[in-house]
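Novice: In my numbering, the protein residues as written are 385 to 624.
Virtual Cβ for every residue (Gly too), placed ideally from N, Cα, C.
Just so it is clear, the structure is predicted and the values come from calculations on it, not from any experiment.
(1) Rounded to a whole number of angstroms, what is the C-alpha to C-alpha distance between residue 409 and residue 541?
(2) Can you name, in chain order, every residue of its own chain whose Cβ lies under 6 Å from the Cβ of residue 570, other than the five neighbours on each side?
(3) With 16 as the cutoff for other CB atoms within 10 Å, does residue 503 come out buried or exposed?
(4) Within its chain, find whatever has a CB closer than 7 Å to the CB of residue 505; leave out the 5 residues flanking it on each side and keep chain order.
(5) Thinking C-alpha only, which one of 593, 603, 600, 548 is nearest residue 578?
(6) Less than 9 Å separating the beta-carbons of residue 422 and residue 617?
(7) Compute the distance between the beta-carbons of residue 604 and residue 392, then report whether it is under 9 Å.
(8) Less than 7 Å between C-beta atoms, sequence neighbours within five positions excluded: which residues of the same chain meet that for residue 426?
(9) So residue 607 and residue 457 are in contact, right, with Cβ under 8 Å, and what is the actual spacing, rounded?
(10) Leaving aside the five residues before and after residue 395 along the sequence, list all residues of the same chain whose C-beta is less than 7 Å from its C-beta, in chain order.
(11) Nearest-angstrom Cα distance between residue 455 and residue 419?
(12) For residue 417, which residues from the same chain have a beta carbon less than 6 Å from its beta carbon, with the 5 sequence-adjacent residues on both sides left out?
(13) Let me confirm a value: residue 440 is counted as buried when at least 16 other C-beta atoms fall within 10 Å, else exposed. Which label applies?
(14) Since residue 511 and residue 582 should fall inside the 8 Å C-beta cutoff, what is the C-beta to C-beta distance between them, to a whole number of angstroms?
(15) Using a Cβ-Cβ cut-off of 6 Å (strictly less than) and excluding sequence neighbours within five positions of residue 413, which residues of its own chain qualify?
(16) Under the rule that 16 or more other beta-carbon atoms within 10 Å means buried, what is residue 433, buried or exposed?
(17) By a C-beta neighbour count over all protein chains shown, 10 Å radius and 16 as the cutoff for buried, is residue 509 buried or exposed?
(18) What did DSSP end up calling residue 440 once you bin it into helix, strand or coil?
(19) I'd like to check one pair, residue 424 with residue 436: are the Cβ atoms closer than 9 Å?
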């Protein structure tokens with residue numbers, strides 16, 4: 385269950401308390417009220433926008449971007465694995481290196497290190513910005529607002545890929561190729577079959593949960609800054 389005392393909740397609560405204080409304060413009540421309402425408007429709007437990214441909201445077009453992009457997400461994962469990770473050239477180089485060293489111990493680090501994680505992150509950001517949610521996110525700072533997510537996203541993706549390729553079934557497929565001293569195409573085909581099988585097990589709900597674990601906690605800062613900038617604009621408005 386989500387902890388109610390997260391950044392989003394606290395920011396909205398502070399804005400509400402400022403509004404309440406404006407009705408009790410004998411000093412500059414209009415200024416305080418303006419700051420409170422503008423802060424609440426900014427924080428609450430951003431909170432709703434983040435919620436709409438992951439959940440479908442009736443009568444709100446563009447909500448539920450992540451589950452709605454379910455098929456594209458699966459396709460992007462397969463494209464990443466087969467066109468950047470398990471290309472026939474990479475597999476052949478890996479086999480040749482193992483054979484030259486006379487080693488039958490599988491070392492997946494060279495393959496993991498060859499992945500362009502920045503490109504994956506850029507693709508995710510581009511997908512979000514091109515979605516109906518992109519216009520809303522643009523008002524909050526656009527792609528710059530998502531920069532803090534790059535490092536946690538990369539670490540999470542590295543961990544997920546490592547868990548996948550370190551599975552016994554995955555290693556057995558590679559070992560069969562190594563033992564037979566055959567190059568590339570047969571191994572790549574078997575790997576693609578495994579990836580297809582695993583991706584077919586994914587559901588829109590699971591995809592949503594994966595993305596939530598990676599970025600949602602960090603998107604809370606959009607609510608915080610929405611409240612701060614809203615409060616500043618409220619103060620300016622009160623003097624206009």
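Specialist: So, from the listed chains and residues:
(1) Within the chain shown, residue 409 is the residue found at index 25, counting from 1. Within the chain shown, residue 541 is the residue found at index 157, counting from 1. Straight-line Cα distance between these residues: approximately 50 Å.
(2) Along the chain shown, read from residue 1 onward, the residue named residue 570 stands at position 186. Within the same chain, residue 570 has no close Cβ partners at all.
(3) The residue labelled residue 503 in the question sits at position 119 within the chain shown. Residue 503 comes out exposed.
(4) Within the chain shown, residue 505 is the residue found at index 121, counting from 1. Cβ within range, chain order: 534, 537, 538.
(5) One-based indexing of the chain shown puts residue 578 at position 194. Per the Cα distances, 548.
(6) Taking the chain shown and counting its residues from 1, one reaches residue 422 at position 38. Taking the chain shown and counting its residues from 1, one reaches residue 617 at position 233. Closer than 9 Å, so yes.
(7) Walking along the chain shown from the start, residue 604 turns up at place 220. Walking along the chain shown from the start, residue 392 turns up at place 8. Cβ distance < 9 Å, so residue 604 and residue 392 count as in contact.
(8) Counted from its first residue, the chain shown places residue 426 at position 42. Answer for residue 426: 610, 611, 613, 614, listed in chain order.
(9) Along the chain shown, one-based indexing puts residue 607 at 223. Along the chain shown, one-based indexing puts residue 457 at 73. Actually they do not touch by this definition, with Cβ atoms about 25 Å apart.
(10) For the purposes of this step, residue 395 is identified with residue 11 of the chain shown, where counting begins at 1. 427, 607, 608, 611, listed in sequence order.
(11) Here residue 455 is taken as the residue at index 71 of the chain shown, counted from 1. Here residue 419 is taken as the residue at index 35 of the chain shown, counted from 1. Each residue's alpha carbon lies about 43 Å from the other.
(12) Position 33 of the chain shown, counted from the first residue, corresponds to residue 417. Here the set comprises 406.
(13) Position 56 of the chain shown, counted from the start, is the residue given in the question as residue 440. Exposed is the call here.
(14) Taking the chain shown and counting its residues from 1, one reaches residue 511 at position 127. Taking the chain shown and counting its residues from 1, one reaches residue 582 at position 198. Actually they do not touch by this definition, with Cβ atoms about 21 Å apart.
(15) Taking the chain shown and counting its residues from 1, the one referred to as residue 413 is at position 29. Around residue 413: 406.
(16) The residue labelled residue 433 in the question sits at position 49 within the chain shown. With 16 or more Cβ atoms within 10 Å of its Cβ, residue 433 is classed as buried.
(17) Here residue 509 is taken as the residue at index 125 of the chain shown, counted from 1. Burial call: buried.
(18) To locate residue 440, count along the chain shown from 1; it is residue 56. Three-state result, residue 440: coil.
(19) Start at 1 with the first residue of the chain shown, and residue 436 comes out as number 52. Start at 1 with the first residue of the chain shown, and residue 424 comes out as number 40. No.
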